[in-house]
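Start counting the sequence shown at 1; every next residue gets the next number (UniProt numbering).
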Amino acid sequence: MIKLSNLILIIAVFLLEIPQLVAQRRVACIGDSVTKGYGIKDSTQTYPYQLQQLLGVDFKVGNFGHSGATLLRKGHNPYMQTQAYRDALKFKPDVIVIALGLNDTDPRNWPNYSDEFVGDYSALVEDFRHVNPNVEVFICTMTPIFSGHPRFLSGTRAWFSKAQAAIKELTAVNEAVLIDNHTALASRIDLFGDFLHPNARGAEILAQNVAQYLKPVVQPLSVEETLGSHMVLQRGVINTLAGKASAKEKITVRFKGKKYTTLSDVKGNWTLELPIQDAGGPYDIEVATVAAKLILKDILFGDVFLASGQSNMAFPLRMASGADSILGQVHKLDKIRVFKNKVLAETNSIAWDQTILHQLNELKYFSGAWEKSSTASISDFSAVAYATAVELYKSQGVPIGIINISVGGSNIESWIPRSVLEQDNLLASYIHMWRTSDFIQDFCRQRAAKNLEHTQLKHQRHPYDPAYNFEAGIAKWTSTQIKGIIWYQGESNAHNIEHHTYLFPVMVKSWRDAFQQQLPFYFVQLSSINRPSWPAFRDSQRLLTNVVSDVHMAVSSDIGHPTDVHPTNKLILGNRLGQLIRQHTYNEPLVADSPQPVDFRWDKDRLVISFNHCQILQTVKDLPIRDLQYVNSKGELLDVQHGTIYENTLILPLAKDVKYVRYAYTPYTEGNLISDTHIPVSTFILKID
1 MIKLSNLILI IAVFLLEIPQ LVAQRRVACI GDSVTKGYGI KDSTQTYPYQ
51 LQQLLGVDFK VGNFGHSGAT LLRKGHNPYM QTQAYRDALK FKPDVIVIAL
101 GLNDTDPRNW PNYSDEFVGD YSALVEDFRH VNPNVEVFIC TMTPIFSGHP
151 RFLSGTRAWF SKAQAAIKEL TAVNEAVLID NHTALASRID LFGDFLHPNA
201 RGAEILAQNV AQYLKPVVQP LSVEETLGSH MVLQRGVINT LAGKASAKEK
251 ITVRFKGKKY TTLSDVKGNW TLELPIQDAG GPYDIEVATV AAKLILKDIL
301 FGDVFLASGQ SNMAFPLRMA SGADSILGQV HKLDKIRVFK NKVLAETNSI
351 AWDQTILHQL NELKYFSGAW EKSSTASISD FSAVAYATAV ELYKSQGVPI
401 GIINISVGGS NIESWIPRSV LEQDNLLASY IHMWRTSDFI QDFCRQRAAK
451 NLEHTQLKHQ RHPYDPAYNF EAGIAKWTST QIKGIIWYQG ESNAHNIEHH
501 TYLFPVMVKS WRDAFQQQLP FYFVQLSSIN RPSWPAFRDS QRLLTNVVSD
551 VHMAVSSDIG HPTDVHPTNK LILGNRLGQL IRQHTYNEPL VADSPQPVDF
601 RWDKDRLVIS FNHCQILQTV KDLPIRDLQY VNSKGELLDV QHGTIYENTL
651 ILPLAKDVKY VRYAYTPYTE GNLISDTHIP VSTFILKID
């Protein structure tokens, strides 16, 4: 007879063994060095091991990665000839998660055998279906190869793209489920010390991403951070609401007495489209599941603009000259709503601590919420952006939403998507080594070096890092319907005018593509200051408006400061931007563009230059024309005296050997030409043939 103590022991052991007796789902992680965990010293930090911890005792996860393995059977190291492959088949998995293809981008493989890639991939899947006809198949997109990889420009980039496209196509053919591992890590270059292999944190992200497909996601109902009470949604278009819930959960939205429903996906993401609305409100939007409910209150429909750039866009209203003229009437501006993306840390000349450095890498640099206009909410909001909103609200009479996402000192590269930068041969050559590249302004490199003094990470992120501000900030907003972009940036690219001239159209196109809207861009030209490169930079900005479609410039050279890069007369810039928007977006009969020289002719002993965007040229207070010069073939300057104006022409006296006429080309200029609508004439240099 069994003693009671022994019986208790047997029962205890039995209870401990129950999880092992329950049929576990066997998960085989099949892949190359990323699966194996190359470079991760602790084997408990590899992605399959961390996946096991996430899935729990109902699953048994096996790591069947083999470093250097190719999917291609004729590749230099075929996976199907490895011991890992044979062990995976013996494992008889219920689930396979395949992550192969990176090594197939090797020049020994893709150029020679790419036409066999789909067939070989399908054969691998069939091998596992042979040992278990009911096996669930998950095929992963490849994790990123970043631009610093030694073969990136010599073929890897192109072959990676083709292999990635093939993986997406063959997934459906093989009745498999696609897991997007690429997007999960595409903005995390900080986790890839060698541009190819993710570290332990990268493996954790992979495990979390894969786990969402294998085990139902349970999480609270939420909406995206770009949505919230007091927001303005764009009138006249379909707006998308989005958020998170548990996997495959029914979401019900109630709006204006109607009910709309959708279902969250396997990862718990949900989206729902609201029908087109005219300007109006306020309304409430209720978002609910069976167990939870959120109410977004005080929602308006009107026009939404996104304002971005560097410190002159971030410049707060409370510090602007004449701010009281707006702050004093804030009670009348209740239908202007603001969303300030506050930064985690200003890019001042200090060394950031480890907490900030970590948050930067996690792309948690920006945070904010929609707010109604109040003294508190607008005092620290962008002066230029808010003044623009006031001009539009007063002229259009509809709610205006203004989103500000700006970073002091930021270069234009930081605002361009990584995918765009990496597809450009020139830009891809330096973005991964930006902290030592002369393409990046020395101020940006020096300030970043100070901020990052305490990091040990090779690819530590920073707001001046190419792509960073897009990845951490702008990317959140690309599903938002907006009316246009307001831009004030260039100070941190004025060291290389030609390169900025190349970059600016790239940025404009990239944002239009990302938002999937042909957005108009309204930007502020750099102001006047005693910096020698700025006159030519101002002129280059003027010329960009002539070559990039639907891009419009507000001149600021008349309100600069000889030594202060942050002149305080910001409200007039908002007025000028607002008038440009009224002309080009709202089609009002205004002339808000800066006059430009469009033609010249010799009339006996006079040079006659014609200007567009005006009926009559004039000077401020009818004073003599200032800062107007001839340049001869030896590069010598001659101040032009006694220039006169007739209608929209500038009439200048004859001089010998004139090669160029230049206006407002002094770094801190006192140029005083304006149009009959009081719009300043931009800095320009005109070649005289």
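Glycine is no exception: its CB is placed at the ideal position from the N, C-alpha and C atoms.
If you measure between the beta carbons of Leu-363 and Ala-200, is that distance less than 8 Å? no
DSSP-derived helix/strand/coil call for Leu-21: Only weak support exists for where Leu-21 lies, its pLDDT of 49 falling under 50; the value from the coordinates is given anyway. If DSSP states are grouped into helix, strand and coil, Leu-21 belongs with the helices.
Given Leu-21, which residues of its chain have a CB within under 8 Å of its CB, disregarding the five upstream and five downstream residues? Here the model assigns Leu-21 a pLDDT of 49, short of 50, so the residue's position is not dependable and the matter cannot be decided.
What did DSSP end up calling Cys-614 once you bin it into helix, strand or coil? coil
Considering Cα atoms alone, identify which of Asn-496, Lys-41, Val-304 and His-182 is closest to Ile-412. Asn-496
Which same chain residues, not among the five before or five after Ile-18, have their C-beta less than 7 Å away from its C-beta? Low per-residue confidence applies at Ile-18: pLDDT is 48, beneath 50, and the placement is therefore not dependable, though the value from the model is reported in the following sentence. Closer than 7 Å at the Cβ level, and outside the excluded window around Ile-18, lies no residue.
Which of the three DSSP states is assigned to Gly-202 in this structure? helix
Buried or exposed (CB count within 10 angstroms, at least 16 for buried), Ile-276: exposed
Let me know the alpha helix (DSSP H) ranges lying completely inside the segment 383-455, each 4 residues or longer, listed in chain order. 383-396, 418-422 and 442-451
Compute the distance between the beta-carbons of Ile-679 and Asp-593, then report whether it is under 8 Å. yes
Measure the alpha-carbon distance for Thr-388 versus Asn-575 and round it to whole angstroms. 6 Å
Spatial distance of Gly-671 from Gln-525 (CA atoms): 15 Å
Give the straight-line distance between the Cα atoms of Ala-475 and Val-631, rounded to the nearest whole angstrom. 46 Å
Would you mind sorting Leu-71 into buried or exposed? The rule is 16 or more other CB atoms within 10 Å of its CB. buried
Could you give the first and the last residue of the continuous beta strand (DSSP E) run that contains Ile-96? 95-99
What does a CB cutoff of less than 7 Å around Glu-346 pick up in its chain, not counting 5 residues either side in sequence? Gly-408
Helix, strand or coil: how does DSSP classify Met-553 here? strand
Whether Arg-606 touches Ile-651 by CB criterion (8 Å): yes
What residue ranges within the segment 287-365 form continuous beta strand (DSSP E) runs of no fewer than 3 residues, ordered along the chain? 293-309 and 336-340
Grab me the residues of Leu-654's own chain with a C-beta within less than 6 Å of its C-beta, minus the 5 sequence neighbours each way, in chain order. Asp-605
DSSP state of Lys-250 mapped onto helix, strand, coil: strand
My parser needs the beta strand (DSSP E) runs of 3 or more residues fully inside the segment 92-142; what are they? 95-99 and 136-140
Spatial distance of Arg-254 from Ser-154 (CA atoms): 54 Å
Rounded to the nearest angstrom, how far is the Cβ of Phe-470 from that of Pro-417, given a contact under 8 Å? 5 Å
My understanding is that Ser-610 touches Ile-485, with C-beta atoms under 8 Å, so please give their C-beta distance in whole angstroms. Wrong, their Cβ atoms sit about 31 Å apart, outside the cutoff.
Is it buried or exposed, Gly-119, if we count other Cβ atoms within 10 angstroms and call 16 or more buried? exposed
Please report how far the alpha carbon of Arg-538 lies from the alpha carbon of Gln-516, in whole angstroms. 29 Å
Using only the alpha-carbon positions, how far apart do Ile-400 and Ala-369 sit? 15 Å
Pro-653 - DSSP class collapsed to helix/strand/coil: strand
Give, in chain order, every unbroken run of the beta strand (DSSP E) that is at least 3 residues long and sits entirely within the segment 618-645. 628-632 and 637-639
Nearest candidate by alpha-carbon position, reference Val-681, set Gln-618, His-149, His-331 and Val-640: Gln-618
Just to confirm the assignment, what range does the alpha helix (DSSP H) spanning Pro-505 have? 497-515
Let's test the definition: count the other Cβ atoms within 10 Å of the Cβ of Lys-74 and tell me whether it reaches 16, buried, or not, exposed. exposed
For Gln-446, count the other beta carbons within 10 Å of its own beta carbon; 16 or more makes it buried, fewer makes it exposed. Which is it? exposed
If you compare alpha carbons, which of Ala-385, Pro-667 and Ser-479 is closest to Thr-563? Pro-667
Give the straight-line distance between the Cα atoms of His-358 and His-230, rounded to the nearest whole angstrom. 31 Å
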